[in-house]
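**Student:**
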Amino acid sequence: MIKNKLCPKCQTHSLVKNGLTSGKKQKYHCTHCGCYGSLDSKRYTEEKKEEILRAYKERASLRGIHRIYGVAITTVLYWIKKKQNY
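As numbered in my numbering, residues 446 to 531 make up the sequence shown, in order.
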């Protein structure tokens, strides 16, 4: 068991090493919930998403958002479309 790392799904310390990715990053398996993967998440946090969407609401251009935050324009459009459906 890996004691200093938490499972991103269930927040337990039940991780065991499970090989490497093609990019040579360590993969883990959670024995508690069964999820697999690396701990290096490429996802944007909800706070960062809200900050980017707030910038868009304040009339920032999509290209400007891309330049400032490094987020793909299609990703921002997806978030906007998803937000409008709720």
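Idealized CB from N, CA, C, for every residue including glycine.
What would DSSP say about L484, mapped onto helix, strand or coil?
**Tutor:** Coil at L484, not helix or strand.
**Student:** Within the same chain, show all residues whose beta-carbon is closer than 8 Å to that of I497, passing over the 5 residues directly before and after it, in chain order.
**Tutor:** Counting only Cβ-Cβ distances below 8 Å, and skipping sequence neighbours, we find Y489, I510, Y514, V516, V521, W524.
**Student:** Taking a contact to mean a Cβ-Cβ separation below 8 Å, would you say T457 touches S483 in this structure?
**Tutor:** Result no, Cβ atoms of T457 and S483 do not sit closer than 8 Å.
**Student:** Span of the beta strand (DSSP E) holding L465?
**Tutor:** Start and end: 460-465.
**Student:** Beta-carbon separation of V461 and H474 under 8 Å?
**Tutor:** A contact, by the Cβ cut-off of 8 Å.
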